[in-house]
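Taking it in order: structure first as structure tokens, then the write-up.
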Amino acid sequence: MLFRRGRIPLWIKISCTLFVAVLAPLYWTHHGPANFLWASDIALLVMVIALWRESRLLASMIAVAVLLPELLWNLDFFSRLLAGRDVIGWDATGYMFNPAQPLWLRALSLFHVFLPPVIVFMLYRLGYDRRALPAAATLCWVVLPATYLLTDPAQNINWVFGPGEPQTLLPPLAYLAGLMLLFPLIVYLPTHWVLKKAFPEQGAGSLPFRASRDKRPL
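Per this note's numbering, residue 8 is the first one in the sequence shown, and the count goes up by one each step.
Set out below in structure tokens:
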């Protein structure tokens, strides 16, 4: 049943679904379909599927792929918001403070703020699936070449053309190949190690629900 009781509260599923239902057409109109190749946007869409399916693998996969970059995005955003300066050194959130962009459009990008807590909550309730590392790497090896082939270098989505700005030091395909190796090695693998230690194979939060579900009146 679609509205069955589960380990993820229904209000979280509905709230995230409604948010994405508003964001998707507006992003498509103002940023174009290529914008949905950003890893964070893919993670947002997959998150909704993972919430409704209560899929440990999908939740774990997006956690491996985006938790670390999203935490860095938040560090950059809140340092700019509260201290007025960039503490990371790569202009991750400068667009959030660009008055040329409509405020409501920038506000939609605040999904970067709630995405990590929702992902971590899913891992707490569902547990961490160790298949997430190869799944995330496979997704990376599909998305990065697709981004390179289908998008404008000026947009530099997923940094497939350079770190921040398009680069000229390496042949473009050599740089892309290096990026396809670096993401799994320096982002996914450390995140995988942390998550498999932090969360059990079955979510701690799922145990009370299972116990109450299995309990039968005498």
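Virtual Cβ for every residue (Gly too), placed ideally from N, Cα, C.
Given 8 Å as the limit, tell me if LEU89 has its C-beta closer than that to any heavy atom belonging to the ligand GDP. No copy of the ligand GDP occurs in the structure displayed, which carries no ligand at all.
If you draw a straight line from the C-alpha of ARG138 to the C-alpha of ALA107, how long is it? 43 Å
Using 10 angstroms around the beta-carbon of HIS119, count the other beta-carbons present and answer buried if the total reaches 16, otherwise exposed. buried
Counting only the same chain and skipping the five closest in sequence on each side, list residues whose C-beta sits under 8 Å from that of ASN163. GLY169, GLY171, GLU172 and PRO173
Three Cβ pairs or more, each shorter than 8 Å: is that satisfied between the region 22 to 36 and the region 54 to 61? yes
Check whether the region 174 to 190 touches the region 97 to 111, taking contact to mean three or more Cβ pairs, one atom from each stretch, closer than 8 Å. no
Locate the alpha helix (DSSP H) running through TRP45, then write down its first and last residues. No alpha helix (DSSP H) holds TRP45; DSSP gives it neither H nor E.
With burial defined as no fewer than 16 other Cβ atoms inside 10 Å of the residue's Cβ, what is the status of GLY91: buried or exposed? exposed
Using alpha carbons as the reference points, say which of TRP97, PRO76, SER116 and LEU52 lies closest to PRO66. The residue you asked about is not Pro; residue 66 is Ala in the sequence shown. When each option's Cα is compared against that of ALA66, the closest is LEU52.
With a threshold of 16 other CB atoms inside 10 Å of the CB of ASN165, please say whether the residue is buried or exposed. buried
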